[in-house]
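If you're matching positions, the sequence shown starts at -5 in the working numbering and goes up one per residue.
All C-beta atoms, glycine included, are put in the ideal place defined by N, C-alpha and C.
Predicted, not measured: the structure shown is a model, and the values here were computed from it.
A short worksheet on the structure shown next.
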Amino acid sequence: MRDLTRLYDDFFGLRERPFSLLPDPDFLFWSGPHQKAYTMLEYGMATHAPITMITGEIGSGKTTLVRKLLNDIPADFSIGLISNAQGDRGELLHWVLMSLGQPVEPGLGYVALFRQFQDFLIDEYAAGRRTALIFDEAQNLSPLALEELRMFSNINADKDQLLQLILVGQPELRELVRQPVLQQFAQRIASDFHLRAFTAEETDAYIIHRLTHAGAQREVIDVTARAMIHVAGRGIPRLINQLCDYALVYAYSEERPVVDSSLVREVLEDRRHSGMFRVDEAMAMSDSASGPLNAPAPAADPALATGAQTPAPPSSSLPHDAPEGDGDEQNVFYGVWDRQV
């Protein structure tokens, strides 16, 4: 039986699968928005921001940035990672304590749990350690839970913040904290960014980057195919990965050394019929997507293309002031709450 874990890797001369759907910091592509989002995460940590918030569409790379942060975070931090937390007063505190490795005795009331949490923060502070809680998929939190988190962020010693919160979620999170009842919460967000979808040029560089990182020594997905994948995937990294992976499987099964637009069209047509991928709009646009006007200039060598188009990762030295944003990006959260006051 064939080694299915390397179904097409050897055929295309790859060391590993380039388009896995699992978040992998080793494959992180530093687009402009991802650089800024990560810098805002670092900035929030460095300046003891009470709350940092990163939002983006499903599959835009938010969790990958979180994994990168966990890899890079200094050793003097105690980190609790909470994914898909739900529940209100009391239940959330259980999630928090468990994420920090603290035992939760059955039957303890809220006051006892809160004292346990507060004592943990004070003990960590006395030991020279800082504590941060990262909430992934934070759009699932209720307004009551967010207000409880705000109360947690009020725990401090003199002028020092004992707890920092990082909220990562879909755009619904941004709408949630705009509610008037959460005005005080919004005002404590000191570092913020929204990840937009890739442009056509960023998608092109992203696909080349992942193929090159996986060991590609030649063109595996041609320029017209990359342009069509951008339209179909709407510039969302996870959807781009999905389509690229399917296209490579199709090419392998047909023994075609290069994925071209006709093969991507075949993938899209099959996905449309299966109903597992929303491609109606992409199919309508696919003729123009594969044309030369919308296709980025091809690169003869993937490694050279990556070097020219892939930005360097953010510097490890953190800024002393908030980074300036481009006009179309939301780097500071003032706009959410100053409309309410």
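Using the Cβ count rule (16 or more neighbours within 10 Å means buried), how would you classify residue i?
i	result
M390	Missing from the structure shown is residue 390; the chain here goes from -5 to 335 and no further.
Y200	buried
S14	exposed
E213	buried
P251	exposed
D4	exposed
L16	exposed
N65	exposed
N148	exposed
A180	buried
K153	exposed
E36	buried
A120	exposed
I234	buried
A302	Confidence is the limiting factor: at A302 the pLDDT is only 39, short of 50, which leaves the residue's position unreliable and the question unanswerable from this model.
E275	Note that E275 scores 49 on pLDDT, short of 50, meaning its location in the model is unreliable; the coordinates nonetheless yield the value given after this. Exposed, by the Cβ-count rule.
G101	exposed
Q80	exposed
M92	exposed
A241	buried
L8	buried
Which two residues bound the contiguous beta strand (DSSP E) that contains residue i?
i	result
S77	71 to 77
I234	Premise fails: I234 lies in the alpha helix (DSSP H), 231 to 247, not in any beta strand (DSSP E).
Hey, how far is the Cα of residue i from the Cα of residue j?
i	j	result
G50	A40	23 angstroms
E195	G229	10 angstroms
D20	L59	11 angstroms
V105	T57	33 angstroms
P231	L237	10 angstroms
P68	V261	44 angstroms
F108	L87	7 angstroms
Q96	V171	29 angstroms
V98	E85	11 angstroms
F6	V253	11 angstroms
E142	R182	13 angstroms
A184	M34	10 angstroms
E248	D239	14 angstroms
S256	R265	14 angstroms
F23	R204	8 angstroms
M145	R168	19 angstroms
L312	L140	Note that L312 has pLDDT 38, beneath the 50 cutoff, so the model's placement of it is unreliable and no number is given.
Y244	R220	15 angstroms
R342	D117	Summary: the structure shown does not reach residue 342, with the chain confined to residues -5 through 335, and so no result is reported for it.
Y155	M222	The sequence given here places Gln at residue 155; Tyr does not occur at that position. Taking the straight line joining both Cα atoms gives about 48 angstroms.
Considering just the uninterrupted stretch of the alpha helix (DSSP H) at residue i, what are its terminal residues?
i	result
F129	Where F129 is concerned, there is no enclosing alpha helix (DSSP H), although the beta strand (DSSP E) it sits in stretches over 124 to 130.
Y2	Element bounds for Y2: n/a, residue is neither H nor E.
A106	104 to 120
I223	217 to 227
L262	255 to 268
F146	137 to 146
State whether the stretch 62 to 76 contacts the stretch 120 to 135, with contact taken as three or more CB pairs (one from each stretch) at a distance under 8 angstroms. yes
Given 8 angstroms, three or more beta-carbon pairs between the stretch 201 to 214 and the stretch 178 to 193: Contact fails: fewer than three Cβ-Cβ distances are below 8 angstroms.
For the stretch 9 to 24 against the stretch 149 to 163, are there 3 or more C-beta pairs whose distance is under 8 angstroms? no
Using a Cβ distance threshold of 8 angstroms, determine whether the stretch 114 to 126 contacts the stretch 171 to 180, with at least three qualifying pairs required. no
Which runs of the alpha helix (DSSP H) spanning at least 4 residues fall entirely within the stretch 156 to 213, listed in chain order? 165 to 171, 177 to 181, 194 to 207
What are the uninterrupted segments assigned as alpha helix (DSSP H) that are 4 or more residues long and contained completely in the stretch 24 to 75, given in chain order? 26 to 40, 56 to 66
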